[in-house]
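Listed in order, the protein sequences are those of chains A and X. Each residue of the first sequence is one higher than the one before, counting from 0 in numbering that gives the first Met the number 0. Each residue of the second sequence is one higher than the one before, counting from 0 in numbering that gives the first Met the number 0. For glycine and all other residues, C-beta sits at the position ideal for the given N, C-alpha and C. Worksheet: the structure to be examined is printed underneath.
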Amino acid sequence: MSGRSRFTLRAVGREAQLLLVGIPVLLWTLIPIYHLVIFAISERDTATKGYLWPPSPTLQNFNIVLQQKHFFLNHFWVQLGNSLFIAIAAGAITLLVATLAAFSISRLKVRGGRTVMNLALFTYFIPAAFLAVPMYKTMATYGLLNSRWSLILAMVTIASPYCIWVLKQASDKLPWELDEAARIDGATPMQLFRLVYVPLMVPSLVAVGTYALLLAWNEYLYAYLLLSDERSFTLAVALGHFLSADDSPWELLMATGFIYALPPAAIYYAFKRYMVSGLTAGAVKS
Amino acid sequence: MLVVPYLVVFVVFVVYPVGYGLWLARSPQSYVRLFEDPVFFRTAINTVVFLVVAVNVKMVIALGLSGFFVQTRWWIKVLSLLFILPWAVPSIPTILSVRFLLNPEWGVINMTYFRLTGLDGPNWLNNPTLALSLSMLMHIWKSLPFWTLIFVAGRLAIPGEQYEAASVDGASRWQKFRFITWPSMMGLYFTSTILSMIWTLGDFNSVYLLTGGGPADQTHVLATLGIRYLRLDQIDLAMASIVVALPLVLPLVYVMMKRLSK
């Protein structure tokens, strides 16, 4: 009897210990996000009055954003379109470039493949912010400044190395017998690629494509440097642009920020299964 | 032939810019001016503090929290879905949200503090030490979930029998960590720390969007300093500030390449 009650007492103590970790973790995680949300649903004059919950929550800010009824938001839909176009193009091009490279390095064993892999890895490990200034100058030389393609190509450059590496790791694990069987049947390398390789690699391809897409959607520094006209801004740059005045409509900034943050969060949860296994397996090999 | 698209990208957007950048920073005069700039000296110290303090604090917390998130409870499952949010959403809205939270006049923190005590709260982002610390906290907030996830994966790879055997032998929780978890996670932990240091060097957003490098350019790190020089039209200084960081970056990159290309 006493043994049993000691057991439950210990179990309760253990739960309490876990809660003691869980509650601070929850608060720490949610405070910035909660603050963003209450700011976005506050009326203009109550947003900066320090309320922990707005006295009359409203969706009016979203209405103003979607109807572009403020001069900071004159080009909201164009900017949303730019963000979308750049993310999809960067994701698709990265996927194509990286898959072809990983296939030829891992399956066709091209000469110099190892060197290419090392060059790509080296690029991956150079902090992206260090490459930003020379990239800006280079895009100016190529005459691409202020074009959406400058950001797309910069994002392809930054995303591909990691994608090639993850895909190479995954494709090294495919059994060699498949390639041999296909070759005996007379398949060309392109047929091998299309009919054997791509179908087997789908989970990794989804992970990598999503990674590149989100990287481009979320990018601020490169977008801020490369795009200077309000009509070519991505949403990220448009958000930063609010800071150019001291009395900007912060509640509209937060409402726009909320809209901007939704798609990546949704994509992340939708593809969580692929993202977690694909990216954590690739991110660090101990 | 199929590697060609990547090689084209590599030559056009990596080799050429890097070569061009190094050429821009060729004059010894640029380095003299760089070292004479007090902002550069302050930036170098900030960067080292950021790397040493923020990264290590983050990695220790991530390792500890991974032990929390491997517990099987329904509410911990739910919490882990929320916990990933900082990493899953873009930086700008959340960093700006924190910036407003900290606003000395109308931020919720100081308003609440005033309501409770009748006193004015600190001017958070106007004190260099406080502002840099808050940037580090911002950085930790953003990237802690990712590293915790990595360590959760690491812990789940350890065979459960080892812990069961240790329980039979009456090992304490600390002993289990010391003699089972840590030995099998050590490699992962050090690789992750180095990788995180490299990525942290490139963290522009946590500093730029929170403090803008201010007050008085006292909270810059290398990632934001290059952009400051670019804005001041001193492109040679921008490149020189990156070149002088290479002795710090290249050894870290070398260690990572060694570890990953095994």
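Work out the CA separation of R9 of chain A and M0 of chain A for me, nearest whole Å.
Counting from 1 along the first sequence, the entry for residue 0 of chain A is found at position 1. Counting from 1 along the first sequence, the entry for residue 9 of chain A is found at position 10. Here M0 of chain A scores only 44 on pLDDT, less than 50, and its place in the model is too uncertain to base an answer on.
Going along the chain, which residues of the region 27-53 of chain A sit with their C-beta nearer than 8 Å to a C-beta in chain X?
W27, T28, L29, I30, P31, I32, H34, L35, F38, T47, K48, G49, Y50 and L51
Go through its chain and collect everything with a Cβ distance to Q190 of chain A's Cβ below 8 Å, but skip five positions before and after it.
Sequence index remark: in the first sequence, residue 190 of chain A carries index 191 (1-based). Correct list, in chain order: A181.
Minimum C-alpha distance to W105 of chain X - residue among A:L79, A:Y50 and A:T137
Looking up residue 105 of chain X in the second sequence gives position 106. Closest in C-alpha terms to W105 of chain X, from the list A:L79, A:Y50 and A:T137, comes A:Y50.
Cα-Cα separation, P85 of chain X to T93 of chain X
Taking the second sequence and counting its residues from 1, one reaches residue 85 of chain X at position 86. Taking the second sequence and counting its residues from 1, one reaches residue 93 of chain X at position 94. Taken atom to atom, the span from the alpha-carbon of P85 of chain X to that of T93 of chain X is near 8 Å.
Just the C-alpha distance for F257 of chain A and G239 of chain A, rounded to the nearest angstrom, thanks.
In the first sequence, counting from the first residue as 1, residue 257 of chain A sits at position 258. In the first sequence, counting from the first residue as 1, residue 239 of chain A sits at position 240. Roughly 14 Å between the two C-alpha positions.
Would you please verify whether the beta carbon of M256 of chain X is less than 8 Å from any beta carbon of chain A?
Position 257 of the second sequence holds residue 256 of chain X. Cβ-Cβ to chain A under 8 Å: yes for M256 of chain X.
Going along the chain, which residues of the region 81-99 of chain X sit with their C-beta nearer than 7 Å to a C-beta in chain A?
L81, F82, L84, P85, A87, V88, P89, S90, I91, P92, T93, L95, S96, V97 and F99
For S134 of chain X, tell me which candidate among X:I157, X:Q161, X:L118 and X:G213 has the shortest Cα-Cα distance.
What you label residue 134 of chain X is simply residue 135 of the second sequence in a count that begins at 1. Per the C-alpha coordinates, the member of X:I157, X:Q161, X:L118 and X:G213 positioned closest to S134 of chain X is X:G213.
Secondary structure of R193 of chain A, DSSP reduced to three states
Here residue 193 of chain A refers to the residue found at position 194 of the first sequence. Here R193 of chain A sits in helix by DSSP.
My assumption, with CB atoms under 8 Å, is that V64 of chain A sits in contact with T255 of chain A. Please give the rounded CB distance.
Here residue 64 of chain A corresponds to residue number 65 of the first sequence, with the count starting at 1. Here residue 255 of chain A corresponds to residue number 256 of the first sequence, with the count starting at 1. Rounded, the Cβ-Cβ distance is 5 Å, consistent with contact.
Find the nearest neighbour of L17 of chain A within the set X:V69, X:V10, X:V2 and X:I44, judged by alpha-carbon distance.
Here residue 17 of chain A refers to the residue found at position 18 of the first sequence. The shortest C-alpha separation from L17 of chain A is found at X:V69.
Is it buried or exposed, A61 of chain X, if we count other Cβ atoms within 10 angstroms and call 16 or more buried?
Here residue 61 of chain X refers to the residue found at position 62 of the second sequence. A61 of chain X comes out buried.
In or out: Q78 of chain A buried (at least 16 other Cβ within 10 Å) or exposed?
Counting from 1 along the first sequence, the entry for residue 78 of chain A is found at position 79. Buried.
DSSP state of Y141 of chain A, grouped into three classes?
Residue numbering aside, residue 141 of chain A sits at position 142 when the first sequence is read from its first letter. Coil at Y141 of chain A, not helix or strand.
Would F49 of chain X and L224 of chain X be called neighbours here (beta carbons separated by less than 8 Å)?
Counted from its first residue, the second sequence places residue 49 of chain X at position 50. Counted from its first residue, the second sequence places residue 224 of chain X at position 225. F49 of chain X places its beta carbon 8 Å or farther from that of L224 of chain X.
Where does the unbroken alpha helix (DSSP H) through A164 of chain X begin, and where does it stop?
Taking the second sequence and counting its residues from 1, one reaches residue 164 of chain X at position 165. Counting along the chain, the alpha helix (DSSP H) containing A164 of chain X begins and ends at G159 to V167.
Report the residue from A:R43, A:W216, A:N145 and A:L150 whose alpha carbon sits nearest the alpha carbon of R230 of chain A.
As a first step, residue 230 of chain A must be located in the first sequence, where it is residue number 231. Nearest of A:R43, A:W216, A:N145 and A:L150 to R230 of chain A, Cα basis: A:N145.
Any beta-carbon of chain A closer than 8 Å to the one on I241 of chain X?
Mapped onto the second sequence, residue 241 of chain X falls at position 242. I241 of chain X counts as touching chain A.
Would you decide whether A269 of chain A is buried or exposed? Buried here means 16 or more other CB atoms lie within 10 Å of its CB.
Counted from its first residue, the first sequence places residue 269 of chain A at position 270. When all chains shown are included, A269 of chain A counts as exposed.
Can you list, in chain order, the residues of its chain with a C-beta nearer than 6 Å to that of L194 of chain A? Leave out the 5 residues immediately preceding and following it.
As a working mapping, residue 194 of chain A is identified with position 195 in the first sequence. Setting aside the 5 residues that flank it on each side, L194 of chain A has no residue in the same chain whose C-beta is closer than 6 Å to its C-beta.
When the cut-off is 8 Å and only beta carbons count, does N122 of chain X lie next to chain A?
On the second sequence, position 123 is the one that residue 122 of chain X refers to. Judged by the 8 Å Cβ criterion, N122 of chain X is not in contact with chain A.
Report the CB separation of L226 of chain A from L94 of chain A in whole angstroms; it is logged as a contact under 8 Å.
Within the first sequence, numbered from 1, the residue matching residue 226 of chain A stands at position 227. Within the first sequence, numbered from 1, the residue matching residue 94 of chain A stands at position 95. So it is not a contact: roughly 23 Å between Cβ atoms.
Do you know whose CA, among X:V220, X:V151, X:P4 and X:L236, lies nearest D36 of chain X's CA?
Here residue 36 of chain X refers to the residue found at position 37 when the second sequence is read from its first residue. When only C-alpha atoms are compared, the closest one is X:L236.
Using only the alpha-carbon positions, how far apart do F203 of chain X and T187 of chain A sit?
Within the second sequence, residue 203 of chain X is the residue found at index 204, counting from 1. Within the first sequence, residue 187 of chain A is the residue found at index 188, counting from 1. Looking at the two C-alpha atoms, the distance is approximately 46 Å.
Taking Y267 of chain A as the query, report the chain X residues whose CB atoms sit under 7 Å from its CB, ordered along the chain.
Stepping through the first sequence from its first residue, residue 267 of chain A is reached at position 268. Near Y267 of chain A (Cβ distances below 7 Å), the residues of chain X are A87.
Against T111 of chain X, what residues of chain A qualify as contacts under a CB-to-CB distance less than 7 Å, listed in chain order?
For the purposes of this step, residue 111 of chain X is taken as the residue at position 112 of the second sequence. Neighbours of T111 of chain X on chain A, chain order: G49.
Three-state secondary structure (DSSP) at I87 of chain A?
If you number the first sequence from 1, residue 87 of chain A lands on position 88. Residue state, collapsed to three classes: helix.
How is the alpha helix (DSSP H) around L23 of chain X delimited, first residue to last?
For the purposes of this step, residue 23 of chain X is taken as residue 24 along the second sequence, with counting starting at 1. Taken as a continuous stretch (DSSP letters only), the alpha helix (DSSP H) holding L23 of chain X covers Y15 to L23.
Taking 8 Å as the threshold (beta carbon to beta carbon), is L64 of chain X in contact with chain A?
In the second sequence, counting from the first residue as 1, residue 64 of chain X sits at position 65. Taking Cβ atoms only, chain A reaches closer than 8 Å to L64 of chain X, which makes this a yes.
Going by beta-carbon coordinates alone, are I163 of chain A and Y228 of chain X separated by less than 8 Å?
Numbered from its first residue, the first sequence carries residue 163 of chain A at position 164. Numbered from its first residue, the second sequence carries residue 228 of chain X at position 229. In this structure, Y228 of chain X does not lie closer than 8 Å to I163 of chain A by Cβ.
Beta-carbon contacts of A88 of chain A that lie in its chain and below 7 Å, excluding the five residues immediately before and after:
Sequence index remark: in the first sequence, residue 88 of chain A carries index 89 (1-based). So the list reads I151, once near-sequence residues are dropped.
Output the distance between the C-alpha atoms of L136 of chain X and A131 of chain A, rounded to the nearest integer angstrom.
Counting from 1 along the second sequence, the entry for residue 136 of chain X is found at position 137. Counting from 1 along the first sequence, the entry for residue 131 of chain A is found at position 132. Straight-line Cα distance between these residues: approximately 24 Å.
What's the C-alpha gap between T192 of chain X and S170 of chain A?
As a position in the second sequence, residue 192 of chain X is number 193, starting the count at 1. As a position in the first sequence, residue 170 of chain A is number 171, starting the count at 1. Approximately 27 Å, taken between the alpha carbons.
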